[in-house]
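So the structure is just underneath, and the comments pick up after that.
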Amino acid sequence: MLSESDTKRACALVEDSGEIAGAITDIDSQAAEMLNIAKILAARDTSHLPEPIRVRACRFLAQAVTRGSSWQESLEALAALQPSALSSIGRVIVSRHVNVR
């Protein structure tokens, strides 16, 4: 578990990474970098990941997907960061598909 000061520093680094990735002008490259940041954050045991960093990583994933990044890679990272979100996404997709018929 990180100390409060270490958590603040880690959050600042994650925020800086997001700003740098967001400054990339090529949309495909920007999406790839957002996804890479989220995948790095999801690569370790996420149970000890501070909540602000988990939230930011999920935002990176959302930005990556909306900018054309691989939805499958994004969902795999999301499964590590916020497993309950996958079941919520699944329920929404299924309910929309059933309501269309």
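Sequential numbering from 1028 applies to the sequence shown in this note's numbering. Even glycine gets a Cβ: it sits at the ideal position worked out from N, Cα and C. As the structure is a computational prediction, the values presented were derived from the model and not from experiment.
Decide if residue i is buried, meaning its Cβ has at least 16 other Cβ atoms within 10 Å, or exposed.
i       : result
Lys1035 : exposed
Gln1057 : buried
Glu1060 : buried
Ile1080 : buried
Gln1090 : buried
Gly1045 : buried
Val1041 : buried
Ala1039 : exposed
Thinking C-beta only, is residue j closer than 8 Å to residue i?
i       : j       : result
Ile1064 : Phe1087 : yes
Using only CA atoms, which one of the options lies nearest to residue i?
i       : options                   : result
Arg1094 : Leu1029, Glu1031, Gly1049 : Gly1049
**OP:** Can you check the segment 1058 to 1106 for any alpha helix (DSSP H) of at least 4 residues that lies completely inside it and give the ranges in chain order?
**Re:** 1078 to 1093
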